[in-house]
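Each remark here refers to the structure printed beneath this line.
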């Protein structure tokens with residue numbers, strides 16, 4: 202199994218914008234078939250080091266990760282929206 206985590210800092214990190222971004226990320230559930238699990242969270246601490254929104258997904262293997270990165274829904278809806286609203290992001294992929 203692989204865990205894929207992405208943390209996003211948004212250009213406009215108002216509560217409404219953070220929740221909208223979280224909703225877009227959550228919308229992958231049931232639409233991106235290779236996802237074995239998905240969690241999305243919105244930061245509440247707002248420290249200097251904080252990111253605004255986090256995505257954590259569980260995938261079977263590297264093929265599933267590659268398929269996820271190229272999934273039409275992920276690319277057309279999620280990446281398009283998140284690229285437009287993010288200031289920056291960091292990601293990590295690791296084996297469980």
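Residue numbers (the working numbering): 202 to 297.
Backbone N, C-alpha and C define an ideal beta-carbon position, used for all residues, glycine too.
query, result
"Under 8 Å between the Cβ atoms of residue 205 and residue 266?", "yes"
"Report the CB separation of residue 253 from residue 211 in whole angstroms; it is logged as a contact under 8 Å.", "5 Å"
"Applying the criterion that 16 or more other CB atoms from any shown protein chain within 10 Å of the CB defines a buried residue, is residue 260 buried or exposed?", "buried"
"So which of 294, 257 and 288 has the shortest CA-CA distance to residue 230?", "257"
"Using 10 angstroms around the beta-carbon of residue 275, count the other beta-carbons present and answer buried if the total reaches 16, otherwise exposed.", "buried"
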